[in-house]
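Numbering (the UniProt record's numbering), first residue to last: 1 to 380.
Step one of this worksheet: look at the structure below.
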C-alpha cells in the first residue's frame with residue numbers, strides 16, 4: 001500500500017445515521033474536523049516512514065555486532081554505462097578522454113550540467129524522506145601487495161605470502177604502500193578529473209577514505225580535493241573535508257597488507273586528513289587467524305553507507321568521493337543491487353544511490369563464521 005498520501009474519506013452516510021439538528025451544525029462540524037485531524041495525526045505517526053537520526057544509528061553500531069538496517073539501498077540506472085547489464089566492461093577505460101567517467105550522455109557539450117539537473121529533478125520529485133547521493137568510489141593505485149600477488153600468483157599469495165610482510169625484496173605489510181606504478185595510476189586519475197572539472201563535472205563536497213595508506217595516498221595524489229579550496233561550492237568552509245573512515249577498509253584479517261597503522265602514524269604521514277568520530281588509535285579489528293567473508297563485509301559496508309546518509313557531515317551533501325579497495329567496491333555493488341563491474345587499480349566507478357527508510361529497521365541475516373587461511377597447493 002502507498003502510504004505517502006491519505007486514502008479518500010468515505011462521505012456516504014449509513015441510512016440509520018441521524019443528521020444533526022440545524023441548531024447544532026456548528027458543533028457537529030467542529031467535532032467532524034477534530035476527528036479528521038486526529039485520524040490524520042494517527043495515520044502519519046503509524047504509517048509514514050521516518051528518517052532515522054544519526055544518534056539512532058551510532059547507538060545501534062556501538063551496541064550490536066549486527067547493526068540494524070535502516071534503509072532499503074539501491075543504485076539507479078540510466079546515468080552511466082556501468083549500470084547497464086548489456087555493456088561489456090572489457091576494454092572500457094574509465095579515464096579515457098571520451099568516456100566522461102562512463103556517462104551515457106558523454107557526447108553533449110553540457111553533459112555534466114544536464115546530469116546535475118537530472119539529479120536535482122530526481123530529488124525534487126521524490127518523497128521528502130527518500131534521499132539520493134552520487135558517489136564516485138575509486139580504487140587505490142597498485143600497491144606492493146598487488147605486485148607481490150602478481151609475482152607469486154593468487155593461490156600462493158592467499159595461502160602463504162599474504163601472511164608475511166616481505167619476501168626480502170618487496171615489503172607489503174603491515175599496511176601496504178603504493179608502488180611507483182600505483183602513484184602513476186593516481187596521476188592519470190588526476191588528469192581525468194582535471195579534464196572533467198573543466199567540463200563541469202560535479203565537484204565532490206566531501207572526500208572520504210579508507211584508513212589504509214594506499215587509499216589515502218591515492219586520494220591525495222589524485223588531488224580532486226585541491227580543486228575544492230575556494231571553490232564556489234565550498235565558500236562556507238575554509239578547506240575541503242578529507243575524512244578517514246574505519247568501515248571502508250579492505251577485508252579485515254589474515255593479510256598483513258590490510259592491517260592498518262595507528263591513528264598517530266597516519267596523522268604524521270598525512271596531516272591534511274581528519275578522522276571520523278570514535279576512530280581508535282590502534283587497529284583493534286585485524287586478526288592473523290581469521291578474515292571477513294563477503295557476507296560479513298557486506299554488513300559492514302552497508303553500515304558505512306548508512307552512516308554517510310545520516311552523519312551530520314554528509315547527510316545533506318549530494319556528491320561524495322570515496323577512495324577504498326576492490327573488495328569494498330565489489331561489496332558496495334552487491335549491497336546496492338548493482339551489476340558486477342571490475343575496477344582496476346587506480347580506477348573508479350560512479351554510482352547514483354537511493355536510500356528509502358524502512359518502516360521498521362531490520363537485522364541483517366546471520367553472517368556465519370569468518371574465513372580461515374586456505375590450504376596451499378600440493379606442489380608447494
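Even glycine gets a Cβ: it sits at the ideal position worked out from N, Cα and C.
- Message: Looking at residue 301: is its Cβ nearer than 9 Å to the Cβ of residue 326?
- Response: Residue mapping note: residue 301 aligns to position 301 of the chain shown, counting from 1. Residue mapping note: residue 326 aligns to position 326 of the chain shown, counting from 1. No, these two residues do not count as a Cβ contact at 9 Å.
- Message: Checking the sheet assignment: what are the DSSP bridge partners for residue 275?
- Response: What you label residue 275 is simply residue 275 of the chain shown in a count that begins at 1. For residue 275, which the question treats as bridged, DSSP gives the partners 244.
- Message: Since residue 214 and residue 249 should fall inside the 8 Å C-beta cutoff, what is the C-beta to C-beta distance between them, to a whole number of angstroms?
- Response: The residue given as residue 214 occupies position 214 in the chain shown. The residue given as residue 249 occupies position 249 in the chain shown. Rounded, the Cβ-Cβ distance is 11 Å, inconsistent with contact.
- Message: For residue 363 and residue 246, I'd like the C-alpha separation in whole angstroms.
- Response: As a first step, residue 363 is located in the chain shown; it is residue number 363 there, counting from the start. As a first step, residue 246 is located in the chain shown; it is residue number 246 there, counting from the start. So the alpha carbons of these two residues sit roughly 21 Å apart.
- Task: With DSSP collapsed to three states, give me the class of residue 207.
- Result: For the purposes of this step, residue 207 is taken as the residue at position 207 of the chain shown. DSSP places residue 207 in strand when its eight states are reduced to three.
- Task: Measure the alpha-carbon distance for residue 346 versus residue 202 and round it to whole angstroms.
- Result: Along the chain shown, read from residue 1 onward, the residue named residue 346 stands at position 346. Along the chain shown, read from residue 1 onward, the residue named residue 202 stands at position 202. Taking the straight line joining both Cα atoms gives about 20 Å.
- Item | residue 21 - DSSP class collapsed to helix/strand/coil | Within the chain shown, the letter at position 21 stands for residue 21. A caution first: residue 21 carries a pLDDT of 47, below 50, which makes its placement in the model unreliable, though a value can still be read off. Coil at residue 21, not helix or strand.
- Query: Which residue spans inside the stretch 120 to 174 form an unbroken beta strand (DSSP E) run of at least 3?
  - Reply: 131 to 139
- Query: Exposed or buried, which one is residue 64 when buried takes at least 16 other CB atoms within 10 Å?
  - Reply: For the purposes of this step, residue 64 is taken as the residue at position 64 of the chain shown. Residue placement at residue 64 is flagged as unreliable, the pLDDT there being 42, under the threshold of 50; a coordinate-derived value is accordingly withheld.
- Beta-carbon spacing of residue 305, residue 353 below 9 Å: The count along the chain shown starts at 1 and reaches residue 305 at position 305. The count along the chain shown starts at 1 and reaches residue 353 at position 353. Cβ distance < 9 Å, so residue 305 and residue 353 count as in contact.
- Message: Contact defined as beta carbons within less than 8 Å: I believe residue 208 pairs with residue 74. What is the distance between those atoms, to the nearest angstrom?
- Response: To locate residue 208, count along the chain shown from 1; it is residue 208. To locate residue 74, count along the chain shown from 1; it is residue 74. Their Cβ separation, rounded to whole angstroms, is 20 Å, which puts residue 208 and residue 74 out of contact at 8 Å.
- Cβ of residue 100 within 9 Å of Cβ of residue 143? Counted from its first residue, the chain shown places residue 100 at position 100. Counted from its first residue, the chain shown places residue 143 at position 143. No, the pair does not count as a contact, with Cβ atoms beyond the cut-off.
- Message: When you compare the CB of residue 82 with every CB in chain B, is at least one pair closer than 9 Å?
- Response: The structure shown contains no chain B, having only a single protein chain.
- CA-to-CA distance, residue 244 to residue 278, given in whole angstroms: Translated into positions along the chain shown, residue 278 becomes position 278. Translated into positions along the chain shown, residue 244 becomes position 244. Each residue's alpha carbon lies about 11 Å from the other.
- With a 10 Å radius around its C-beta and 16 neighbouring C-beta atoms as the bar for buried, classify residue 268 as buried or exposed. Counted from its first residue, the chain shown places residue 268 at position 268. Exposed is the call here.
- Task: Using 10 angstroms around the beta-carbon of residue 375, count the other beta-carbons present and answer buried if the total reaches 16, otherwise exposed.
- Result: As a first step, residue 375 must be located in the chain shown, where it is residue number 375. When all chains shown are included, residue 375 counts as exposed.
- Item | Candidates 227, 200, 359 and 116: closest to residue 206 by CA position | By 1-based counting over the chain shown, the position of residue 206 is 206. Comparing Cα positions, the closest option is 227.
- Message: To the nearest angstrom, how far is the alpha carbon of residue 108 from that of residue 98?
- Response: Your numbering for residue 108 matches position 108 in the chain shown. Your numbering for residue 98 matches position 98 in the chain shown. Our two residues, residue 108 and residue 98, have alpha carbons roughly 11 Å apart in a direct line.
- Mind checking residue 380: buried by the 16 CB within 10 Å criterion, or exposed? In the chain shown, residue 380 corresponds to position 380, counting from 1. It is exposed - the Cβ of residue 380 has fewer than 16 other Cβ atoms within 10 Å.
- In angstroms with no decimal places, state the Cα-to-Cα distance between residue 165 and residue 256. Counting from 1 along the chain shown, the entry for residue 165 is found at position 165. Counting from 1 along the chain shown, the entry for residue 256 is found at position 256. Near 6 Å, if we compare the C-alpha coordinates of residue 256 and residue 165.
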